[in-house]
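Take the sequence shown: its position 49, counting from 1, is numbered 1490 in the numbering used here, and each next residue is one higher. Just so you know, even glycine gets a beta-carbon here, dropped at the ideal spot from N, CA and C. A short worksheet on the structure shown next.
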Amino acid sequence: MPRRVLRVVLWLLGVCVLVTTGGLFMPRQHIAMESVVVPAAPAVVYAAVRDVESAPAWRSDLDRVELLPEQNEHRVYREIGDDGANTFEVTEDIPNERLVTQIADPGRSFSGRWVFQFAPAEGGTRVTLTEVGDVPNPALRFLAGTIFGFEGSIRRYLGDLQAHLGKA
1442 MPRRVLRVVL WLLGVCVLVT TGGLFMPRQH IAMESVVVPA APAVVYAAVR
1492 DVESAPAWRS DLDRVELLPE QNEHRVYREI GDDGANTFEV TEDIPNERLV
1542 TQIADPGRSF SGRWVFQFAP AEGGTRVTLT EVGDVPNPAL RFLAGTIFGF
1592 EGSIRRYLGD LQAHLGKA
């Protein structure tokens, strides 16, 4: 029996070494981008994205949102959902054109920002969502880049947005 336990421990250790080593060869920063056309005017789409208080009603990954005190005259809020609690700061807000949110939780295992761009398109509004991220932990970087994919959260958000405004 001890020999079997030793094999399992060595196997797990080997997997951890491979995952960490693989992450060391991946870039720490990443950019992921997706675009969709939402069947609504830019002002309507922008308003839906900016109205974070109402987002739990249409986002499948979100349970609730807490508004927090402003920082540097920027809007700050916390999302609680599938990914735990994440705090965001709105760092740029150009109505109906562009909205930038940045992770405002120091000490996280990742950081970054989402850049929303809104442009008129045939059939509604083209929403381009770009994630500019930084994952310092090599093991997490490997898992995020190979297993989970950097675009997963973006696709889910844009799909939820399309479904929400498509039925309006």
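Between the CA atoms of residue j and residue i - distance to the nearest angstrom
i	j	result
residue 1505	residue 1599	18 Å
residue 1502	residue 1523	5 Å
residue 1492	residue 1453	45 Å
residue 1592	residue 1604	18 Å
residue 1536	residue 1447	60 Å
Same chain, Cβ closer than 6 Å to residue i, five either side skipped, listed in chain order
i	result
residue 1494	1506
Distance CB(residue i)-CB(residue j) smaller than 8 Å
i	j	result
residue 1582	residue 1469	yes
residue 1483	residue 1559	yes
residue 1601	residue 1500	yes
Of the residues the options, the one placed nearest residue i, counting alpha carbons only
i	options	result
residue 1486	1578, 1580, 1572 and 1561	1561
residue 1577	1559, 1597 and 1547	1547
residue 1481	1588, 1594, 1553 and 1566	1566
residue 1516	1542, 1525 and 1527	1542
residue 1608	1527, 1455, 1479 and 1553	1479
residue 1555	1455, 1450 and 1472	1472
Rounded Cβ spacing between residue i and residue j (contact assumed at less than 8 Å)
i	j	result
residue 1533	residue 1540	7 Å
residue 1573	residue 1477	Going by Cβ atoms, the distance from residue 1573 to residue 1477 rounds to 19 Å, so no, they are not a contact pair.
Close beta carbons around residue i, own chain, < 8 Å, minus the five adjacent residues each side
i	result
residue 1512	1530 and 1545
residue 1564	1478 and 1480
Near the ligand COA: residue i beta-carbon under 7 Å from a heavy atom
i	result
residue 1598	In terms of ligand content, the structure shown is empty, and the ligand COA therefore cannot be addressed.
Other residues of its chain near residue i: CB distance less than 7 Å, five sequence neighbours each side excluded
i	result
residue 1475	1570, 1592, 1595, 1596 and 1599
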